[in-house]
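Student:
2 protein chains.
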Amino acid sequence: MSDQSITPVVLSGGSGTRLWPVSRALHPKQLLPIAGERSMLQATVARFATPAFAAPIVVGGEEHRFLIADQLDDAGVAPSAIVLEPAGRNTAAAIALAAHQALAADPEAMLVVVPSDHVIADVAAFRAAIATGAPAAAAGGLVTFGIAPSAAETGYGYIEAGDPLPGLAGVAQVACFVEKPDAATAAAFVAGGRHLWNGGIFLFRADRYLAELVDHAPEVAAACAAAMADASRDGVFVRPQREAFLAAPSISIDYAVMEHTTRAATVRVDMGWSDVGSWSALWDIARRDDAGNAFHGDVVAVDVAGSLIRVDGGPAVAVIGARDLVVVSTRDAVLVVPRDRAQDVRAVVDALKANGSTRHTTQPVVHRPWGTYETTDRGDRFQTKRLIVKPGGQLSSQMHYHRSEHWVVVSGTALVTVDGVERIVGENESAYIPAGVQHRLENPGKVPLHLIEVQCGSYLGEDDIVRFEDRYART
Amino acid sequence: MSDQSITPVVLSGGSGTRLWPVSRALHPKQLLPIAGERSMLQATVARFATPAFAAPIVVGGEEHRFLIADQLDDAGVAPSAIVLEPAGRNTAAAIALAAHQALAADPEAMLVVVPSDHVIADVAAFRAAIATGAPAAAAGGLVTFGIAPSAAETGYGYIEAGDPLPGLAGVAQVACFVEKPDAATAAAFVAGGRHLWNGGIFLFRADRYLAELVDHAPEVAAACAAAMADASRDGVFVRPQREAFLAAPSISIDYAVMEHTTRAATVRVDMGWSDVGSWSALWDIARRDDAGNAFHGDVVAVDVAGSLIRVDGGPAVAVIGARDLVVVSTRDAVLVVPRDRAQDVRAVVDALKANGSTRHTTQPVVHRPWGTYETTDRGDRFQTKRLIVKPGGQLSSQMHYHRSEHWVVVSGTALVTVDGVERIVGENESAYIPAGVQHRLENPGKVPLHLIEVQCGSYLGEDDIVRFEDRYART
Chain F
1 MSDQSITPVV LSGGSGTRLW PVSRALHPKQ LLPIAGERSM LQATVARFAT
51 PAFAAPIVVG GEEHRFLIAD QLDDAGVAPS AIVLEPAGRN TAAAIALAAH
101 QALAADPEAM LVVVPSDHVI ADVAAFRAAI ATGAPAAAAG GLVTFGIAPS
151 AAETGYGYIE AGDPLPGLAG VAQVACFVEK PDAATAAAFV AGGRHLWNGG
201 IFLFRADRYL AELVDHAPEV AAACAAAMAD ASRDGVFVRP QREAFLAAPS
251 ISIDYAVMEH TTRAATVRVD MGWSDVGSWS ALWDIARRDD AGNAFHGDVV
301 AVDVAGSLIR VDGGPAVAVI GARDLVVVST RDAVLVVPRD RAQDVRAVVD
351 ALKANGSTRH TTQPVVHRPW GTYETTDRGD RFQTKRLIVK PGGQLSSQMH
401 YHRSEHWVVV SGTALVTVDG VERIVGENES AYIPAGVQHR LENPGKVPLH
451 LIEVQCGSYL GEDDIVRFED RYART
Chain P
476 MSDQSITPVV LSGGSGTRLW PVSRALHPKQ LLPIAGERSM LQATVARFAT
526 PAFAAPIVVG GEEHRFLIAD QLDDAGVAPS AIVLEPAGRN TAAAIALAAH
576 QALAADPEAM LVVVPSDHVI ADVAAFRAAI ATGAPAAAAG GLVTFGIAPS
626 AAETGYGYIE AGDPLPGLAG VAQVACFVEK PDAATAAAFV AGGRHLWNGG
676 IFLFRADRYL AELVDHAPEV AAACAAAMAD ASRDGVFVRP QREAFLAAPS
726 ISIDYAVMEH TTRAATVRVD MGWSDVGSWS ALWDIARRDD AGNAFHGDVV
776 AVDVAGSLIR VDGGPAVAVI GARDLVVVST RDAVLVVPRD RAQDVRAVVD
826 ALKANGSTRH TTQPVVHRPW GTYETTDRGD RFQTKRLIVK PGGQLSSQMH
876 YHRSEHWVVV SGTALVTVDG VERIVGENES AYIPAGVQHR LENPGKVPLH
926 LIEVQCGSYL GEDDIVRFED RYART
C-alpha cells in the first residue's frame with residue numbers, strides 16, 4: 001500500500017428481509033436509519049473517517065444507486081467509486097469487483113471489507129483491530145476479524161482460532177471455520193474461548209485476494225476480471241460489463257476462498273458488534289426502559305415488558321398485556337411477532353411474494369434521483385401523490401396517455417414546462433397537465449419543492465410514461 | 476296499546492369504548508358495521524320490521540344525529556322520532572324521554588326498549604319472547620328479558636327468576652337482580668338454571684314506566700317531564716329542553732326502577748344474544764376457521780390460532796406465532812391485545828384521553844350531513860382531504876381566514892360558488908378558493924361527488940370557518 005492508507009470496501013448488496021416491513025428490497029436495511037439517526041451505510045462509512053483510510057469503494061445494486069450516492073453525499077463522504085452489481089452474485093464476486101477497482105488506482109492497495117448493515121458500538125476497538133491485522137495482511141495474509149461471542153448464538157458461523165502467528169502480535173492462525181452450530185455446540189464454543197463469531201469483515205491486499213480467487217474459485221475470478229476490463233464509468237458510478245459478470249457463480253467469500261486458503265488469519269475483537277439480523281437483534285442493542293421495552297414513535301403500552309414496538313410512518317400502536325413481543329407499524333403494513341420468532345419474518349415475506357403483493361419490495365415513499373414521491377390516496381379513477389423535488393432536481397420530460405395531472409405547489413417554487421411553454425408556479429398556485437401533452441417539472445430554487453399531484457384517468461400505473469429526455473439517463 | 480302494535484325504543488347513546496380503535500366517541504360501535512354488513516343500529520331496527528311493531532323511537536346523542544338519520548334512511552326505516560339527548564344521563568332518563576314521546580301519540584303506548592349495539596342471532600325467538608311478555612306488560616308489569624346463559628360470565632348482571640306468574644304462560648316473577656358475580660358464583664348460577672343474564676331489554680306500557688319512575692326516581696321523572704314539555708321539534712328530531720334535562724341524575728333503569736318496583740317480571744329467552752362488549756365477545760360470535768381464527772381484510776398469518784385479526788381501513792397486518800390474540804388495524808391506530816385482556820382496552824382509551832389525543836373520539840373519516848371527509852395527508856402549511864358529497868348535498872356557505880383551497884373534482888359534478896359567482900366544475904377540472912373569500916360547494920348531480928381538496932395556509936384547523944348560511948342549521 002503505497003500511501004499507507006487502507007481502502008474500505010463497503011458491501012451494500014443485502015436485502016434485509018428479516019427487518020420487514022421497514023426494510024424492503026428497494027429500500028433495504030442498510031439504507032435506513034434503523035439503528036440510529038443515520039442510515040447503517042452512513043454509520044459504516046463514518047467508521048473510516050480518519051487519515052488511516054482512503055476514500056471508500058461501495059459495492060451495491062443498480063436499483064439503489066441514487067440512494068447510495070445521496071446518502072454518502074449527505075454524510076459528507078466522497079467515495080472513490082460506487083460499483084454497481086448488474087445482479088447479486090454474493091460476496092466473492094462483489095469483493096473481486098472492488099479489488100479490481102482499487103488496483104487500477106494503486107497496485108498495492110490494501111482493502112478492509114465490511115458489510116454496510118452491521119452495528120459496531122466501539123469504533124476505536126474496531127480501528128485498533130485493523131491496525132493489529134495490517135502487518136499480517138501486508139505480508140500476504142487474509143485476515144478475518146473474529147468477534148468475541150457474547151452469547152451462544154446459533155445464527156452465526158464461527159471461527160476457531162489456532163496458534164498465534166510468530167512475530168505478529170494479536171494475530172492467530174485460523175484452525176477452521178465452523179458452520180452455524182446447534183445450541184449445545186454453540187454453548188461449548190462460548191465456554192471454550194477459542195471460537196469467535198464470523199462477522200464477515202476482512203483485511204487483505206487486493207492483489208492477494210484476486211490471486212487466491214484464481215486458485216480457489218477461478219470462474220468467479222475470470223468473470224469479474226472480464227466484467228471490470230469492460231466496465232463503463234459514469235462519474236462515480238462503475239458498471240461492470242453485465243454478461244461477463246452474470247457468468248460468475250454466486251458464492252460467498254467464505255466458501256470460495258477463506259475455507260480453502262492457507263493464508264487465513266484472525267484477529268480477535270470485542271467491539272459491541274451486531275449484525276442487526278432480525279427485530280430481536282435490534283431489541284438486543286436498543287436502549288430499553290426498566291421493563292425491558294424499546295419504544296419508537298407514538299406508542300401506548302399497558303402492562304408490556306421485554307418488547308420492541310416501533311412506529312415507522314404507520315399508525316400509532318397501542319399494546320396491552322404483552323411479553324417479549326415485536327410490533328412494527330408502517331404506512332402499508334403492520335407486523336406482530338414474538339421476539340423469539342423474529343427469524344420467521346422471512347416466512348411472511350415469502351407469503352407476500354407468493355401472493356403477488358409488492359409490500360416486500362416497495363415502500364410507500366419511493367426515492368428517485370430528483371427526490372421522492374409517495375401515494376397518499378387512491379380511489380376509482382384517481383390517485384393523490386406528494387412529491388418532494390430537491391433544489392435543482394428535475395423530473396424527466398414526459399407524457400402520459402391515460403391520465404391528466406393537477407399540480408398544487410404547497411411549498412417552494414416549481415418550474416413547469418407544458419407543451420414547450422415554461423412557467424414558474426409558486427406556493428399556493430397550481431398547474432394542469434392534460435393527458436397526451438409533453439411536460440416537465442423541476443425545482444429551480446434553493447429549498448425543497450413540495451407538490452401535491454392529483455392524477456385523474458382510467459389507468460394510473462407508473463408504466464404509463466413516455467420519457468423524452470432525462471438528466472439521470474433513464475430514457 | 477290502542478292499535479295493538481308495540482313501539483320499539485332504540486337506545487343509541489353508548490360509546491363502545493372497548494371496541495376501540497374502530498369504535499370512537501363520535502362514531503361509536505352501534506353506528507358501525509362491526510358484526511356484519513349493516514351497522515348494529517340498522518340490524519337492531521330490522522328486528523322490528525313486522526306489523527307487530529310501530530315505527531321506532533330512537534334516542535341518541537346530538538353529535539350522532541345525522542349518522543343515525545342517514546343509517547335509518549339507508550335501512551328503509553322511518554322512525555317516528557329521533558330524540559336527541561342534550562347530554563348522557565343514562566338509561567332511566569333516556570327511556571323516560573321516549574315514553575313521553577310515545578304517549579303524545581298514543582296514551583296506551585307499549586314500549587319494547589332495546590340497546591342498539593347488541594347482536595341477536597335468532598330474531599324469531601326474540602319476537603316470540605316479546606309476544607310472550609306482552610300480556611304481562613299490558614297488565615301493568617315491567618317485563619325484562621332474561622337471557623339463558625351460555626357461559627359463567629362475570630361481566631353481566633344476572634336476574635334470578637322466581638315463581639311463574641299465574642295465568643301468564645312463560646312469564647315469571649323476578650326474585651331479585653344480582654350484580655356482576657365472581658367466577659364461582661357465576662358458575663353456580665349457570666349450573667342452577669334459575670339465573671339469567673340481564674341484557675337490558677324491557678317491555679312495558681309507557682305510562683306504567685313513568686308512574687314507576689315518579690315513585691322510585693322522582694328527580695329523573697320530573698326532569699324528563701319538564702324537558703319534554705318544552706321540547707323543540709325539527710322534522711324527525713326532538714330536542715328535549717336542555718337545562719331541564721340536565722337536572723336529571725345519571726342512573727340506569729335497573730337501579731332507578733327495576734330493583735325497586737313490585738311489578739318486575741321476566742321472560743326467559745335463548746336467542747343467540749351478545750352485547751359485543753369487547754373484541755373477545757366479537758371473536759365469540761364471529762365465523763372462525765379451523766384454527767379458531769377470525770380474519771377480516773388484508774391479513775397474512777403464519778402459525779396463528781384462536782385470534783381475531785381485523786384490518787378496518789388501516790395497513791395490512793402480518794402476524795406470526797400468535798395464540799388467542801386480537802389485532803385491529805385502522806388508519807391512525809393499531810391495537811394489539813390478548814383476547815383475555817380485551818376488557819382492558821378501556822385503559823388505552825383512558826391513556827389517550829389523559830394524553831390529550833383525539834384518537835379515541837374522532838375517526839379519520841368524518842361524517843357530515845352532506846357526506847364525508849377524510850384527511851389523507853398533512854404537512855407543513857398544507858393538508859389534503861378527500862371529500863364525498865352526496866347527491867343534493869350542500870356544504871355551508873363559508874369563508875376561511877387562514878387558508879386557501881384547491882379543489883379537484885375526480886368523480887361526479889360540483890356546483891361551486893366563489894364570491895357570488897356560480898360555476899359547474901366537472902370531472903378532471905379544478906377550482907381555486909382564495910383565503911378570505913366566501914364560497915360554497917354542492918353536488919347538483921345524481922351520483923356522489925368525489926373531490927380532492929388541497930389546503931394551503933398557516934393555520935389549518937377545522938375551527939377556521941365562518942359560516943354564513945347552512946342548510947343543516949349549523950350556523
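Heads up: the protein sequence lines correspond to chains F and P, in order. Under this note's numbering, the residues of the first sequence are numbered 1 to 475, in order. Under this note's numbering, the residues of the second sequence are numbered 476 to 950, in order. Quick reminder that beta carbons are idealized off the backbone N, C-alpha and C, glycines included.
#1: The ligand HEM heavy atoms versus the CB of F:Tyr158: any closer than 7 Å?
#2: For F:Thr413 and F:Gly392, which I take to be in contact (beta-carbon distance under 8 Å), what is that distance rounded to the nearest angstrom?
#3: Between F:Asp419 and F:Val214, what straight-line distance do the alpha-carbon atoms span, to the nearest angstrom?
#4: Reducing DSSP to helix, strand and coil, say where P:His842 ends up.
#5: Using the beta-carbon count (16 or more within 10 Å), is P:Pro715 buried or exposed?
#6: Could you tell me which of F:Glu212, F:Leu395 and F:Ala316 sits nearest to P:Pro839, measuring between CA atoms?
#7: Between P:Ser879 and chain F, is any beta-carbon pair separated by less than 8 Å?
#8: Could you check what DSSP says for P:Tyr631 in three-state terms: helix, strand or coil?
#9: Shorter than 8 Å from the beta carbon of F:Leu352 to some beta carbon of chain C?
#10: Can you give me the start and stop residues for the alpha helix (DSSP H) that F:Met40 sits inside?
#11: Quick one: give me the first and last residue of the beta strand (DSSP E) that F:Asp74 is part of.
#12: Since F:Gly157 contacts F:Asn198 with CB under 8 Å, what's their CB separation in whole angstroms?
#13: Residues of chain P with a CB under 9 Å from the CB of F:Tyr459: which are they?
#14: Run through chain F and tell me which residues come within less than 8 Å of P:Val864, C-beta to C-beta.
#15: From the DSSP output, read off the bridge partner residues of P:Asp852.
#16: Identify the contact partners of P:Asp855 in chain F, using a Cβ-Cβ distance below 9 Å as the criterion.
#17: Please state whether the Cβ-Cβ distance between F:Gly277 and F:Asp122 is less than 8 Å.
#18: Measuring alpha carbon to alpha carbon, tell me which residue in F:Gly235, F:Pro33 and F:Ala206 is nearest F:Ala221.
#19: Please classify P:Arg677 as buried or exposed, where buried requires at least 16 neighbouring CB atoms within 10 angstroms.
#20: From which residue to which residue does the alpha helix (DSSP H) around F:Gly146 run?
#21: Using the Cα positions of P:Ala739 and P:Met733, report the straight-line distance between them to the nearest angstrom.
#22: Based on DSSP bridge pairs, tell me the residues matched to P:Ser933.
#23: By alpha-carbon positions, which one of P:Arg853, P:Tyr848 and P:Arg669 ends up nearest to P:Gly637?
#24: Within its chain, find whatever has a CB closer than 8 Å to the CB of F:Thr375; leave out the 5 residues flanking it on each side and keep chain order.
#25: Cα-Cα, which of P:Gly710, P:Phe720, P:Cys651 and P:Gly621 is closest to P:Arg540?
#26: Distance cutoff 8 Å, beta carbons only. Does F:Asn428 sit that close to anything in chain P?
#27: Where does P:Asn830 sit, in a helix, a strand or coil, going by DSSP?
#28: Answer with buried or exposed for P:Phe712, where buried requires no fewer than 16 other C-beta atoms within 10 angstroms of its C-beta.
#29: Kindly indicate which three-state DSSP category F:Tyr401 falls into: helix, strand or coil?
#30: What are the partner residues of F:Val317, as DSSP defines its beta bridges?
#31: Determine the DSSP secondary structure at P:Asn673, reduced to helix, strand or coil.
#32: Spell out the partners DSSP gives F:His27 in its beta bridges.
#33: For the alpha helix (DSSP H) containing F:Arg483, list its first residue and its last residue.
#34: What would DSSP say about F:Asp470, mapped onto helix, strand or coil?
#35: Give me the Cα-Cα distance between F:Ala25 and P:Gln930, rounded to the nearest whole angstrom.
#36: Count the other C-beta atoms from every protein chain shown that fall within 10 angstroms of the C-beta of F:Gly371, then say buried if there are 16 or more, exposed otherwise.
Tutor: Let me spell this out:
#1: With respect to the ligand HEM, the structure offers nothing, as it holds no ligand at all.
#2: Locating residue 413 of chain F in the first sequence gives position 413, counting from the first residue. Locating residue 392 of chain F in the first sequence gives position 392, counting from the first residue. Not quite, the Cβ-Cβ distance comes to about 12 Å (not below 8 Å), so this is no contact.
#3: Position 419 of the first sequence, counted from the start, is the residue given in the question as residue 419 of chain F. Position 214 of the first sequence, counted from the start, is the residue given in the question as residue 214 of chain F. Rounded to whole angstroms, F:Asp419 to F:Val214 spans 57 Å at the Cα level.
#4: Taking the first residue of the second sequence as position 1, residue 842 of chain P is located at position 367. The answer is strand: DSSP assigns P:His842 an E or B state.
#5: Here residue 715 of chain P corresponds to residue number 240 of the second sequence, with the count starting at 1. By the neighbour-count rule (16 or more Cβ atoms within 10 Å), P:Pro715 is buried.
#6: Position 364 of the second sequence, counted from the start, is the residue given in the question as residue 839 of chain P. Checking every option, the nearest Cα to that of P:Pro839 belongs to F:Ala316.
#7: The residue you call residue 879 of chain P lines up with position 404 of the second sequence. Yes, contact with chain F.
#8: Here residue 631 of chain P is taken as the residue at index 156 of the second sequence, counted from 1. Note: P:Tyr631 maps to coil in three-state DSSP.
#9: This model lacks chain C altogether; the protein chains it does include are F and P.
#10: Counting from one through the first sequence, the residue named residue 40 of chain F turns up at place 40. Unbroken alpha helix (DSSP H) run through F:Met40: Met40 to Ala46.
#11: Locating residue 74 of chain F in the first sequence gives position 74, counting from the first residue. Premise fails: F:Asp74 lies in the alpha helix (DSSP H), Arg65 to Asp74, not in any beta strand (DSSP E).
#12: Residue mapping note: residue 157 of chain F aligns to position 157 of the first sequence, counting from 1. Residue mapping note: residue 198 of chain F aligns to position 198 of the first sequence, counting from 1. Going by Cβ atoms, the distance from F:Gly157 to F:Asn198 rounds to 4 Å, so yes, they are a contact pair.
#13: As a working note, residue 459 of chain F is residue 459 in the first sequence. The premise fails here: F:Tyr459 is roughly 14 Å from chain P at the closest Cβ pair, so nothing lies under 9 Å.
#14: Residue mapping note: residue 864 of chain P aligns to position 389 of the second sequence, counting from 1. Result: empty, since nearest Cβ-Cβ is about 14 Å, beyond 8 Å.
#15: In the second sequence, counting from the first residue as 1, residue 852 of chain P sits at position 377. Partner(s): P:Thr859.
#16: The residue labelled residue 855 of chain P in the question sits at position 380 within the second sequence. By Cβ distance, chain F contributes Val410, Ser411 and His450.
#17: For the purposes of this step, residue 277 of chain F is identified with residue 277 of the first sequence, where counting begins at 1. For the purposes of this step, residue 122 of chain F is identified with residue 122 of the first sequence, where counting begins at 1. No; because the gap between Cβ atoms is not below 8 Å, this pair is not in contact.
#18: Here residue 221 of chain F corresponds to residue number 221 of the first sequence, with the count starting at 1. Residue F:Ala206 is the option with its Cα nearest to F:Ala221.
#19: Mapped onto the second sequence, residue 677 of chain P falls at position 202. First, the residue type needs correcting, since residue 677 of chain P is Phe and not Arg in the sequence shown. Answer is buried; the Cβ neighbour count reaches 16.
#20: Against the first sequence, residue 146 of chain F aligns to sequence position 146. No alpha helix (DSSP H) holds F:Gly146; the beta strand (DSSP E) holding it covers Leu142 to Ile147.
#21: Reading the second sequence from its first residue, position 264 is the one you call residue 739 of chain P. Reading the second sequence from its first residue, position 258 is the one you call residue 733 of chain P. Using only the alpha carbons, I get a separation of about 6 Å.
#22: Translated into positions along the second sequence, residue 933 of chain P becomes position 458. Paired residue(s): none; P:Ser933 is not in a bridge.
#23: One-based indexing of the second sequence puts residue 637 of chain P at position 162. Checked all of P:Arg853, P:Tyr848 and P:Arg669; the closest Cα to P:Gly637 is P:Arg669.
#24: The count along the first sequence starts at 1 and reaches residue 375 of chain F at position 375. Closer than 8 Å at the Cβ level, and outside the excluded window around F:Thr375, lie Pro364, Gln383, Thr384 and Lys385.
#25: Position 65 of the second sequence, counted from the first residue, corresponds to residue 540 of chain P. With distances taken between Cα atoms, P:Arg540 lies closest to P:Gly710.
#26: The count along the first sequence starts at 1 and reaches residue 428 of chain F at position 428. Taking Cβ atoms only, chain P reaches closer than 8 Å to F:Asn428, which makes this a yes.
#27: As a working mapping, residue 830 of chain P is identified with position 355 in the second sequence. In the structure shown, P:Asn830 sits in a helix (DSSP, three-state: H, G or I).
#28: Walking along the second sequence from the start, residue 712 of chain P turns up at place 237. By the 10 Å Cβ count, P:Phe712 comes out buried.
#29: For this step, residue 401 of chain F is matched to residue 401 along the first sequence. Coil at F:Tyr401, not helix or strand.
#30: Numbered from its first residue, the first sequence carries residue 317 of chain F at position 317. Bridge partners of F:Val317: F:Val299 and P:Val809.
#31: Taking the first residue of the second sequence as 1, we reach residue 673 of chain P at position 198. The answer is strand: DSSP assigns P:Asn673 an E or B state.
#32: Counted from its first residue, the first sequence places residue 27 of chain F at position 27. Per DSSP, F:Arg24.
#33: The question about residue 483 of chain F has no answer, for chain F in this structure spans 1 to 475.
#34: Counted from its first residue, the first sequence places residue 470 of chain F at position 470. Reduced to three states, the DSSP call for F:Asp470 is coil.
#35: Taking the first residue of the first sequence as position 1, residue 25 of chain F is located at position 25. Taking the first residue of the second sequence as position 1, residue 930 of chain P is located at position 455. Answer to the nearest angstrom: the Cα atoms are 34 Å apart.
#36: What you label residue 371 of chain F is simply residue 371 of the first sequence in a count that begins at 1. Per the 10 Å Cβ criterion, buried.
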